[in-house]
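Asker: Just passing along the structure, written as structure tokens.
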Amino acid sequence: MTSLDRRSFVGLAAWATAGMAARGGTRALAQSASPPKLPEITSIPDKLKGSGAVRIAGYGGTAQDAERTAYFQPFEKLSGIKTIDVPGADLNKVKAMVDTGNIEWDVVQLGRSSVKNLMKKGDYFEKIDYELVDVDNIDPLYRYDYALDMLVWSEVMAYRTDAFKSAVPVGWADFWDTRKFPGDRTLTGAGPVTPELEFALMAAGVPADKLYPLDIDKAFASYDKIKASVVKWWETGAVPVQMLSDREVVLASVWNGRMAAIQAAGVPAAISWQQGLLKRDCWAVPKNSPNKANAMKFIAFSTMAVPQARLSMLIPYGFVNGKSAEYLSEHQLGILPSAPAIKSQLVPYNYDWWVDNRDVVVGRWNKWILA
Amino acid sequence: MPSRVTPILLVVPLTLYMLAFYALPVASMLLRSIADPSWTVENYLRLAHDSVFLAVSWNTLRTALVVTLGTLLLGYPVALALSRLRHGAAAVVLAIVLLPFWTSVLVRSYAWMVLLGRRGLINELLLSAGLIDSPLRLLNTPLAVHVAMIHILLPYMILPIASVLRQIDRALLRAAAGLGASPRRVFSQVVLPLSVPGVVAGILLVFVLSLGFYITPALVGGPRDLMLSMLIAQQVDLLNWPYAACLSVALLAMTLLLILVLQRLPAVRAVLRAATQ
Numbered sequence: 001m002t003s004l005d006r007r008s009f010v011g012l013a014a015w016a017t018a019g020m021a022a023r024g025g026t027r028a029l030a031q032s033a034s035p036p037k038l039p040e041i042t043s044i045p046d047k048l049k050g051s052g053a054v055r056i057a058g059y060g061g062t063a064q065d066a067e068r069t070a071y072f073q074p075f076e077k078l079s080g081i082k083t084i085d086v087p088g089a090d091l092n093k094v095k096a097m098v099d100t101g102n103i104e105w106d107v108v109q110l111g112r113s114s115v116k117n118l119m120k121k122g123d124y125f126e127k128i129d130y131e132l133v134d135v136d137n138i139d140p141l142y143r144y145d146y147a148l149d150m151l152v153w154s155e156v157m158a159y160r161t162d163a164f165k166s167a168v169p170v171g172w173a174d175f176w177d178t179r180k181f182p183g184d185r186t187l188t189g190a191g192p193v194t195p196e197l198e199f200a201l202m203a204a205g206v207p208a209d210k211l212y213p214l215d216i217d218k219a220f221a222s223y224d225k226i227k228a229s230v231v232k233w234w235e236t237g238a239v240p241v242q243m244l245s246d247r248e249v250v251l252a253s254v255w256n257g258r259m260a261a262i263q264a265a266g267v268p269a270a271i272s273w274q275q276g277l278l279k280r281d282c283w284a285v286p287k288n289s290p291n292k293a294n295a296m297k298f299i300a301f302s303t304m305a306v307p308q309a310r311l312s313m314l315i316p317y318g319f320v321n322g323k324s325a326e327y328l329s330e331h332q333l334g335i336l337p338s339a340p341a342i343k344s345q346l347v348p349y350n351y352d353w354w355v356d357n358r359d360v361v362v363g364r365w366n367k368w369i370l371a
Numbered sequence: 001m002p003s004r005v006t007p008i009l010l011v012v013p014l015t016l017y018m019l020a021f022y023a024l025p026v027a028s029m030l031l032r033s034i035a036d037p038s039w040t041v042e043n044y045l046r047l048a049h050d051s052v053f054l055a056v057s058w059n060t061l062r063t064a065l066v067v068t069l070g071t072l073l074l075g076y077p078v079a080l081a082l083s084r085l086r087h088g089a090a091a092v093v094l095a096i097v098l099l100p101f102w103t104s105v106l107v108r109s110y111a112w113m114v115l116l117g118r119r120g121l122i123n124e125l126l127l128s129a130g131l132i133d134s135p136l137r138l139l140n141t142p143l144a145v146h147v148a149m150i151h152i153l154l155p156y157m158i159l160p161i162a163s164v165l166r167q168i169d170r171a172l173l174r175a176a177a178g179l180g181a182s183p184r185r186v187f188s189q190v191v192l193p194l195s196v197p198g199v200v201a202g203i204l205l206v207f208v209l210s211l212g213f214y215i216t217p218a219l220v221g222g223p224r225d226l227m228l229s230m231l232i233a234q235q236v237d238l239l240n241w242p243y244a245a246c247l248s249v250a251l252l253a254m255t256l257l258l259i260l261v262l263q264r265l266p267a268v269r270a271v272l273r274a275a276t277q
């Protein structure tokens, strides 16, 4: 029982919440009764074809179901390369695999900072083969030597629409304003996730374009002001949406993709995009993967315009290929963090700053939370 | 002389298993805490001055203590009832005790979130009964951690105690009563002392399991309800594996120390002697 490890806990927690959010009878977007009509892809360049297999590790749950439909199935059909996908993607497992020479994953879904953190410790990932990738349509922001972003998401403010009469909180100063917006809150803590010092700084009046390098002292001084109203510092994305559903809190920081499920279940809650953080997941290839060539072909395929658009239709996470927008409706673009009208309200998360400072912030955080 | 060889042969499979899957990993963890990347005791020196580690250790110990006491107080009467009921009724009670045992910890922790929430069952009941005017903060507090952990760990306390109570020779109770002891006296002077082995086993099981809890405190706990397991996970995520190993060794040492201390108690020593004879 206690041997249930924390990773499976995070996955299971996500599953349990998805089940709870579905109480209202409506299912999450990814499993909706009438699946959206997805754009089909009928042929791929010969350089992406091959044989054998590629083993892909994702985060499991509804997101991986969407990836299977959007990427894995068409890739297998068109390339002749068999895809085997498993849940449980984890940075520490990659480290252990490379350290012991027992590579079980050819492609792994991670955050950019995870990849950078591990590259600081040694040569743990293969270089991405950009010869194969649709670089003309992928923003340089999304490209990195050892990883290619493939999913754009946002850490944003969400609120109960029935909590403040007609007032709408916009920006983190409003989140911090407990007089204008009374009620309990939940924010990200330190664990597998990092606390959002950016939000604390914007609440204290630092302009979005002058955030980095983050002023750690100022951020914690700002946190002091909200500490009493934060009933939970969460460490898995299932928790804040659950708390919004159960009316435990009126304001929360959430992963945008989680909101669709509770909104579909009829919970009166909405996203306030202003000053959210633009974050990304990426594909990376563990060093010495036996199917490295296939891995590179898969990565190139999944970041093409049509597969990216297919994913965004199945689950409200954004695309990295600029051409994907052509396949999406106005309505669909209205909930995607990579849609131009929303992207302009968000602040790109600075992975480099966090890679260099995470240790210090977590140390400070632990002392602060226990004080 | 098969009688001398056989007992040793019997434990060979388990010994090999424990060596490969327990002793080796623990040894490699120990090694990592002092030899990664080179020989050093720096991690342990850091540990001694780490105010966060000390505060979290204290919280972990206190939580384990409260949970152990709670399960003992709630579990002993149930175990007693279980040992006195007729066969059919006992089976029903046993099934009720075991039912939560077969449900995942995660599901049970989520169930507590539903029960203890602002709009949860308990608050709604109290509100509609007019006992409170506004919902109580029950979820995301140390109280929630204690309540949920006690619920999850209760079977570990009840089962060993009940099994010991069942084995008590009924003739002893009749003899005591026949010699004029009141029911209360029969309990305090015959039943209670004879049940100590079960109580000790229950306490050890619950305490040691509590020390390693992660999921339940993370889900229902408040901002300050940090457990050592969370601190370890945090360091693993930061890729500070040597320090994480060092924290794990500290947790292991704490557990062993506790067992060692418990072994020194006279009642426990009697139990251990009886078990080895």
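Sequences listed follow chains A and B, in order.
Just so it is clear: in the first sequence, position 120 is 120 by our numbering, and no numbers are missing.
Just so it is clear: in the second sequence, position 155 is 155 by our numbering, and no numbers are missing.
Positions of the beta carbon are idealized from the N, C-alpha and C atoms, including for glycine.
Which value, in whole angstroms, describes the spacing of the CA atoms of P87(A) and Q189(B)?
Answerer: 57 Å
Asker: Round the Cβ separation of V193(A) and E235(A) to the nearest angstrom and send it over; I've been treating them as touching at under 8 Å.
Answerer: 6 Å
Asker: For A79(B), which of I168(B), L258(B), T216(B) and N140(B) has the nearest alpha-carbon?
Answerer: Out of I168(B), L258(B), T216(B) and N140(B), I168(B) has the C-alpha closest to the C-alpha of A79(B).
Asker: With burial defined as no fewer than 16 other Cβ atoms inside 10 Å of the residue's Cβ, what is the status of P197(B): buried or exposed?
Answerer: buried
Asker: Assuming P286(A) contacts M97(A) under a Cβ cut-off of 8 Å, what Cβ separation, rounded to an integer in Å, is found between them?
Answerer: 6 Å
Asker: Figure out for me which residue from K323(A), G80(A), G58(A) and V231(A) has the closest Cα to the Cα of D106(A).
Answerer: G58(A)
Asker: With a cut-off of 8 Å, does the C-beta of D359(A) fall near any C-beta of chain B?
Answerer: yes
Asker: State the DSSP-derived secondary structure class of N366(A), mapped to helix, strand or coil.
Answerer: helix
Asker: Considering only residues of the region 29-68 of chain B, which uninterrupted beta strand (DSSP E) runs meet the minimum length of 3 residues and lie entirely inside it, listed in chain order?
Answerer: Counting whole runs of 3 or more residues, the region 29-68 of chain B contains no beta strand (DSSP E) stretch at all.
Asker: Determine which residues share a DSSP beta bridge with I8(B) and list them.
Answerer: Answer is none; I8(B) lacks a bridge partner.
Asker: Just the Cα atoms here: how many angstroms apart are L226(B) and I315(A)?
Answerer: 34 Å
Asker: Could you tell me the distance, in whole angstroms, from the CA atom of R269(B) to the CA atom of S245(A)?
Answerer: Those two C-alpha atoms are separated by around 53 Å.
Asker: According to DSSP, is A233(B) part of a helix, a strand, or is it coil?
Answerer: Helix.
Asker: How do the region 220-234 of chain B and the region 24-41 of chain B stand: do at least 3 beta-carbon pairs fall below 8 Å, yes or no?
Answerer: no
Asker: When the Cα of D418(A) is compared with those of S43(A), S154(A) and D65(A), which residue comes out closest?
Answerer: Missing from the structure shown is residue 418(A); chain A here goes from 1 to 371 and no further.
Asker: Can you find a CB in chain A that lies within less than 8 Å of the CB of L226(B)?
Answerer: Put simply, the CB of L226(B) is near chain A, with a gap under 8 Å to one of its CB atoms.
Asker: Could you spell out where the beta strand (DSSP E) holding K49(A) opens and where it closes?
Answerer: Premise fails: K49(A) is in no beta strand (DSSP E) and is neither H nor E.
Asker: Specify whether the region 78-85 of chain A and the region 324-334 of chain A touch according to this definition: at least 3 beta carbon pairs, one from each stretch, less than 8 Å apart.
Answerer: no
Asker: Alpha carbon to alpha carbon, what distance is there between F125(A) and I369(A)?
Answerer: 35 Å
Asker: Under 7 Å Cβ-Cβ, which residues of chain B neighbour E248(A)?
Answerer: G117, R118 and L139
Asker: Which residues mark the beginning and the end of the beta strand (DSSP E) in which I84(A) is found?
Answerer: K82 to V86
Asker: Just curious, the beta strand (DSSP E) that S253(A) is in, first and last residue?
Answerer: L251 to W255
Asker: N366(A): buried (16+ other C-beta within 10 angstroms of its C-beta) or exposed?
Answerer: buried
Asker: Grab the span of the alpha helix (DSSP H) containing L262(B) for me, first residue to last.
Answerer: Residue range W241 to R264 is occupied by the alpha helix (DSSP H) that includes L262(B).
Asker: Roughly how many angstroms lie between the CA atoms of K49(A) and R143(A), to the nearest whole one?
Answerer: Looking at the two C-alpha atoms, the distance is approximately 23 Å.
Asker: Can you name, in chain order, every residue of its own chain whose Cβ lies under 7 Å from the Cβ of P7(B), other than the five neighbours on each side?
Answerer: none
Asker: I want to verify the contact list: residues of chain B whose CB lies under 7 Å from the CB of N366(A), in sequence order.
Answerer: V52
Asker: Between D237(B) and A201(B), what straight-line distance do the alpha-carbon atoms span, to the nearest angstrom?
Answerer: The C-alpha of A201(B) is placed about 35 Å away from the C-alpha of D237(B).
Asker: Within the region 194-271 of chain A, note down every full beta strand (DSSP E) run reaching 3 residues or more, in order along the chain.
Answerer: 230-234 and 251-255
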